[in-house]
Structure formats: C-alpha cells, structure tokens
Amino acid sequence: MGSDSVRERGILQLEYAAALVQKREITEAAVMIGEATQIVVGHSSARLAHSVRQARARLQPWEDNKHVRALDERLRALAIVH
24 MGSDSVRERG
34 ILQLEYAAAL
44 VQKREITEAA
54 VMIGEATQIV
64 VGHSSARLAH
74 SVRQARARLQ
84 PWEDNKHVRA
94 LDERLRALAI
104 VH
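This note's numbering applies: residue 24 is where the sequence shown begins, and numbers increase by one.
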C-alpha cells in the first residue's frame with residue numbers, strides 16, 4: 024500500500040472515530056484513534072498527527088475513562104501529545 028493511501032486510511036479511521044464519539048461509543052473511538060496513531064508513527068505525517076490530536080480533543084469530556092487514559096499514555100509515549 025502506498026504512503027498516500029496509508030495516510031488516507033488513517034484520516035478515514037479518525038473520521039470514523041469522530042462518528043463513534045458522536046454516538047458516545049468512547050471505547051471504540053479510543054481504539055480507532057489508537058490504530059490511526061500507528062500510521063502516524065510509521066509514516067511521519069504531520070497532518071495526520073494533527074488530526075490525531077484533534078480526534079483526541081473530542082474525547083476530553085471522557086478524560087477519566089480508562090480507554091481514553093490508555094490512549095493518552097500511548098500518545099505521550101509516542102510523543103504525539105505532550
């Protein structure tokens with residue numbers, strides 16, 4: 024799969040995560056954002072990293088959820104958020 028299509032897959036995953044947040048499916052949204060994060064790491068896409076941070080921001084009301092906390096730890100470990 025070419026790097027453009029991989030990045031596009033990441034963007035689509037983040038759009039799906041946004042839909043999951045709207046449906047209040049927080050666990051699934053956190054998992055989907057985590058999957059997109061792997062693409063950021065593998066392809067050094069600044070645009071995709073920004074989109075991951077935006078997606079995570081949508082989960083702010085659920086910052087105490089264990090899946091969101093696990094996502095936060097992962098994002099910090101990968102230096103996507105500080």
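Using N, Cα and C, we set each Cβ at its ideal position, and we do this for glycine too.
Pick from the options that is closest to residue i, judged by C-alpha positions
| i | options | result |
| --- | --- | --- |
| Leu37 | Ser67, His66 and Arg81 | Arg81 |
| Ala102 | Gln45, Thr60, Tyr39 and Ala41 | Thr60 |
| Arg30 | Val75, Thr50, Arg79 and Ala41 | Val75 |
| Glu88 | Ser28, Leu35 and Glu51 | The question names Glu, yet the displayed sequence has Asn at residue 88. Nearest option by C-alpha distance: Glu51. |
Beta carbon of residue i nearer than 7 Å to that of residue j
| i | j | result |
| --- | --- | --- |
| Gly33 | Arg97 | no |
| Ala40 | Ala100 | no |
| Ala42 | Leu94 | no |
Residue i versus residue j: straight-line alpha-carbon distance, rounded
| i | j | result |
| --- | --- | --- |
| Val63 | His73 | 10 Å |
| Val44 | Leu71 | 18 Å |
CB-CB length for residue i against residue j, believed under 8 Å
| i | j | result |
| --- | --- | --- |
| Ile49 | His90 | 7 Å |
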